[in-house]
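Going by the working numbering, the first residue of the sequence shown is number 1, and it counts up by one from there.
Note that CB positions come from ideal geometry on N, CA and C, so glycine has one too.
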Amino acid sequence: MRFLILHGPNLNLLGTREPSLYGTLTLNEINARLQQWARLQQVELQIVQSNHEGALVDAIHAAVAWADGIVINAGAYTHTSLALRDAIAAVKLPTIEVHLSNIHAREAFRRRSLIAPVCRGQVSGLGWLGYQLALEALCEPTSN
């Protein structure tokens, strides 16, 4: 199986950006853990991080040609991007939304996700492990 992992804006700053909320692992460390898991599961990952909405949309569009699913941490775009929502809906790939922090326990504006309605599920508040759990869920056969 092959999956696209998308990291949105400011996630390149992990490890130094608000570690009390997002943890001390860097994005490279998270990606290394995901790649290690993928090797053990014989799963292929393509990992993209961008601070630019259009680049994330382009990656989603390209994934339709090769990926079996998408794991996305859209960062702040979660709450603002109709473009990401529409791209996920258009490609019809099973997608799971991930957040390192618990967005439902934070500011009111962070509790609303525009992309959640077009995702298979959401993992929130479990740190980097949320990505791995999302991948595990995508590997499981489902009738949904």
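*With a 10 Å radius around its C-beta and 16 neighbouring C-beta atoms as the bar for buried, classify threonine 142 as buried or exposed.*
On the sequence shown, position 142 is the one that residue 142 refers to. That one is exposed.
_Continuous alpha helix (DSSP H) stretch holding asparagine 28: start and end_ = What you label residue 28 is simply residue 28 of the sequence shown in a count that begins at 1. Unbroken alpha helix (DSSP H) run through asparagine 28: 27-41.
_Identity of the residue in His7, Arg112 and Trp128 nearest glycine 54 by Cα_ = For the purposes of this step, residue 54 is taken as the residue at position 54 of the sequence shown. Nearest C-alpha to glycine 54: His7.
_Separation of histidine 99 from glutamate 44, as counted between CA atoms_ = Taking the first residue of the sequence shown as position 1, residue 44 is located at position 44. Taking the first residue of the sequence shown as position 1, residue 99 is located at position 99. Between glutamate 44 and histidine 99, the alpha-carbon positions lie close to 21 Å from each other.
_Whole beta strand (DSSP E) elements within the stretch 37-113, 3-residue minimum_ = Those beta strand (DSSP E) runs which fall completely within the stretch 37-113 and span 3+ residues are 44-49, 69-73 and 95-99.
*Between valine 118 and alanine 89, which are expected to be in contact by the criterion C-beta below 8 Å, what is the C-beta distance as a whole number of angstroms?*
In the sequence shown, residue 118 corresponds to position 118, counting from 1. In the sequence shown, residue 89 corresponds to position 89, counting from 1. Cβ atoms of valine 118 and alanine 89 come within 8 Å of each other, at about 4 Å.
*What number of angstroms, rounded off, separates the C-alpha of phenylalanine 3 from the C-alpha of glutamate 29?*
For the purposes of this step, residue 3 is taken as the residue at position 3 of the sequence shown. For the purposes of this step, residue 29 is taken as the residue at position 29 of the sequence shown. In this structure, the CA atom of phenylalanine 3 is about 18 Å from the CA atom of glutamate 29.
*DSSP state of leucine 6, grouped into three classes?*
On the sequence shown, residue 6 is found 6 positions in, with the first residue counted as 1. Strand at leucine 6.
*Kindly give me the distance between the Cβ atoms of alanine 116 and glutamate 97, rounded to whole angstroms, as I take these residues to be in contact under 8 Å.*
Counting from 1 along the sequence shown, the entry for residue 116 is found at position 116. Counting from 1 along the sequence shown, the entry for residue 97 is found at position 97. Confirmed, about 6 Å.
*Is glycine 130 helix, strand or coil by DSSP?*
As a position in the sequence shown, residue 130 is number 130, starting the count at 1. Helix, per DSSP.
*Could you tell me which of Asn10, Val57, Trp128 and Arg33 sits nearest to aspartate 86, measuring between CA atoms?*
Here residue 86 corresponds to residue number 86 of the sequence shown, with the count starting at 1. The shortest C-alpha separation from aspartate 86 is found at Val57.
*Answer yes or no: do isoleucine 103 and serine 124 have a C-beta to C-beta separation smaller than 8 Å?*
For the purposes of this step, residue 103 is taken as residue 103 along the sequence shown, with counting starting at 1. For the purposes of this step, residue 124 is taken as residue 124 along the sequence shown, with counting starting at 1. In this structure, the beta-carbon distance from isoleucine 103 to serine 124 falls below 8 Å.
*Between tyrosine 77 and arginine 112, what straight-line distance do the alpha-carbon atoms span, to the nearest angstrom?*
If you number the sequence shown from 1, residue 77 lands on position 77. If you number the sequence shown from 1, residue 112 lands on position 112. The alpha-carbon atoms of tyrosine 77 and arginine 112 are separated by roughly 11 Å.
*Nearest to leucine 27 by CA position, among Leu133, Thr16 and Ser20, is which residue?*
Locating residue 27 in the sequence shown gives position 27, counting from the first residue. Here the closest residue by C-alpha is Thr16.
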